[in-house]
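Structure record follows, encoded as structure tokens.
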Amino acid sequence: MTQLPAHLLQSKEFQKFIQKFPAFESTLILDEYRKKEYARLDKMHHVYLDYTGGNLYGTSQLERHQELLKNGVYGNPHSTNPTSLAATKLEKEARRYVLEFFNAQDDYELIFTANASAGLKIVGECYPFHDDGHFLLTFDNHNSVNGIREFAKKRGASFCYTPLELEDLRLSEKKLKKQLKKYAGKKNKLFAFPAQSNVSGVKHSLDWIERAQKKGWDVLLDAAAFVPSSKLDLRVHRPNFVTLSFYKIFGYPTGIGALLVRKDSFDTLQKPWFAGGTVTFAAVNESFHTLKNSYERFEDGTINYLGIPAVKIGLEYINEIGIEIINTRVHCLTGWLLYKLQKIKHSNGTPVVNIFGPKDTKSRGGTIIMNFTDSDSKTVPWDFIEYKANQQKISLRTGCFCNPGLDEVYSCITQDETLKYTEHLRTGDLSYAEIVTFIGKLRGAIRISVGLASNFEDINTFIHFVKGFKDKSSKDIEFGTFIEAQRHG
Ligand SMILES: Cc1ncc(COP(=O)(O)O)c(C=O)c1O
């Protein structure tokens, strides 16, 4: 059993935490990893709370990858020369490993992409929207999913959004059920949703995949924020298309993602062009080409053949720890954060932070969004919070997180307000910062997220940071100075 440092064992706060979340003890191996693989965090006094933005790599991942590159000679794959064959072998091993990781061996094609967004773009570009299509999305979606609506619109398909409940930022079951029934007459219907929100941390039920498919929909599951701390088993849940980015699971390498396409949906995607590596035959004196019949059809040009072996190393690393252990740690730390943050109040009884979305750990991951309120119950500008966090080397994230739908819901922005603002944008040059003045409502929030290298001290530091705002008012000299400085650039 891993031994915790004495100062933690003696900490009353830690004892209370363990009492409330006893499962944390089963994850103590991660404190060993923290010392061994992420020593740089403590050495440089960083408190990293942006795992949804990007995960952190363990040093052994880098070492293993470097060893591999130092001790081999690798050429551009898919040729028969020895260095090319060496690269092809590594690429195929990585491909097999990824498919096994998601239990998708025989049923899915794995297309390596630059990131989740690139995978989403392939689906948008190739889905047969032109042929009586409809695109259904959730208000909770990353912009790289929202953007697919532009492909749908350009090809004459209709699209619509399914709403969220303001209370917990979850899908409205009744409305979604209705929408899934509504487009019975349409031929090509695509429903896209995130397995986990990149903003609220809500895990949307994966049962929607089968429910939608039973009503004739193809389902695109954006798994980018889900897979870093949850098991995705593609034998149990079988979306037609799945997208993700590997750096979000294990930090290194960046620049590689995946689009998994169910084999029986492979021909649904109609590629509008061809590129190097994607054809079995192409002519120039005649306009003719034939596309390959596997994943290669969608991997344009040369794949990242030196980076792809590091994907296998990364997944082996995750398997060595165990995704369930990561999941448990994230669950416990998030639960404690939610519990403690809600208890921090100004002396007049008003809360210091206002958490959006679910306030408990049920069906949610390790991402929490909030705004800070001062002792007069006014929202503290999130850029001020970020400025103060930066001073303490706390890496959190602020703004709208590429998910405007969620921001519209929790900031209570009406369609009418957005319309008025967009009309201004069309005719003038109103900047994003001015939307607040224009609409008269604050937008954006503060996001923190925990992951495999997070420990109790990290979240305790954040809890103390929040406590530092207790009984502070906007009239506080510091707020004023900061806002003045911002105004004057
Ligand atoms: C849920 C979700 N989908 C898609 C993306 C886009 O990922 P990438 O920027 O790696 O393409 C992100 C990135 O934060 C995300 O969290």
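Under my numbering, the first residue of the sequence shown is numbered 541, with each subsequent residue one higher. From the three backbone atoms N, C-alpha and C, an ideal C-beta is built for every residue, glycine too. These figures come from a predicted structure and were not determined experimentally.
beta-carbon residue i near ligand 1 non-hydrogen atom, thresh 6 angstroms
i: residue 674; result: no
i: residue 844; result: no
i: residue 657; result: yes
i: residue 762; result: yes
i: residue 734; result: yes
i: residue 684; result: yes
i: residue 765; result: yes
i: residue 785; result: yes
i: residue 595; result: no
i: residue 833; result: no
i: residue 738; result: yes
Beta-carbon spacing of residue i, residue j below 7 angstroms
i: residue 806; j: residue 663; result: no
i: residue 597; j: residue 993; result: no
i: residue 743; j: residue 904; result: yes
i: residue 679; j: residue 692; result: no
i: residue 894; j: residue 913; result: yes
i: residue 1030; j: residue 990; result: In the structure displayed, the chain extends from 541 to 1029; residue 1030 sits before or after that span and is not available.
i: residue 945; j: residue 681; result: yes
i: residue 587; j: residue 934; result: yes
i: residue 601; j: residue 854; result: yes
i: residue 866; j: residue 769; result: yes
Span separating the alpha-carbon of residue i from that of residue j
i: residue 562; j: residue 551; result: 15 angstroms
i: residue 850; j: residue 917; result: 49 angstroms
i: residue 740; j: residue 746; result: 17 angstroms
i: residue 643; j: residue 811; result: 26 angstroms
i: residue 752; j: residue 718; result: 11 angstroms
i: residue 604; j: residue 646; result: 29 angstroms
i: residue 585; j: residue 665; result: 44 angstroms
i: residue 623; j: residue 611; result: 12 angstroms
i: residue 790; j: residue 846; result: 17 angstroms
i: residue 965; j: residue 956; result: 14 angstroms
i: residue 695; j: residue 937; result: 36 angstroms
i: residue 891; j: residue 868; result: 28 angstroms
i: residue 940; j: residue 1010; result: 25 angstroms
i: residue 1005; j: residue 884; result: 11 angstroms
i: residue 927; j: residue 657; result: 29 angstroms
i: residue 701; j: residue 987; result: 24 angstroms
i: residue 592; j: residue 735; result: 13 angstroms
i: residue 503; j: residue 911; result: The structure shown does not extend to residue 503, since the chain is modelled only from 541 through 1029, so no value can be given for it.
i: residue 547; j: residue 556; result: 14 angstroms
i: residue 952; j: residue 856; result: 43 angstroms
i: residue 848; j: residue 724; result: 41 angstroms
i: residue 835; j: residue 649; result: 6 angstroms
i: residue 606; j: residue 575; result: 21 angstroms
i: residue 668; j: residue 804; result: 15 angstroms
i: residue 786; j: residue 570; result: 20 angstroms
i: residue 621; j: residue 609; result: 18 angstroms
i: residue 704; j: residue 750; result: 20 angstroms
Among the options, the one whose alpha carbon lies nearest that of residue i
i: residue 958; options: 978, 940 and 908; result: 978
i: residue 925; options: 867, 1008 and 869; result: 1008
i: residue 844; options: 783, 951 and 796; result: 796
i: residue 873; options: 748, 559 and 1011; result: 559
i: residue 800; options: 821, 774 and 818; result: 774
i: residue 931; options: 983, 783, 884 and 1002; result: 1002
i: residue 684; options: 725, 784 and 706; result: 784
i: residue 595; options: 864, 910 and 792; result: 792
i: residue 673; options: 640, 750, 698 and 898; result: 698
i: residue 651; options: 950, 861, 833 and 998; result: 833
i: residue 1016; options: 996, 915 and 995; result: 915
i: residue 638; options: 934, 590 and 858; result: 858
i: residue 722; options: 667, 756, 808 and 629; result: 756
i: residue 886; options: 1012, 819, 703 and 998; result: 1012
i: residue 655; options: 798, 870, 942 and 819; result: 798
i: residue 947; options: 929, 802 and 981; result: 981
i: residue 999; options: 614, 896, 871 and 628; result: 871
C-beta neighbour in chain B for residue i, strict 7 angstroms
i: residue 988; result: Here there is only one protein chain, and chain B is not present.
beta-carbon residue i near ligand 2 non-hydrogen atom, thresh 6 angstroms
i: residue 634; result: Of the ligands this structure carries, namely ligand 1, none is ligand 2.
Could you tell me whether the segment 657–673 touches the segment 686–698, using the rule of 3 or more Cβ pairs below 8 angstroms?
-> yes
Would you be able to state if there are at least three C-beta pairs under 8 angstroms between the segment 707–720 and the segment 759–770?
-> no
Can you find at least 3 beta carbon pairs, one from the segment 748–762 and one from the segment 714–730, that sit closer than 8 angstroms?
-> yes
Please confirm if the segment 921–939 is in contact with the segment 872–889, defined as three or more CB-CB distances below 8 angstroms between the two stretches.
-> no
Is the segment 832–841 touching the segment 811–824, taking contact as three or more C-beta pairs under 8 angstroms?
-> yes
Determine contact between the segment 819–831 and the segment 633–641, defined as no fewer than three beta-carbon pairs at a distance below 8 angstroms.
-> no
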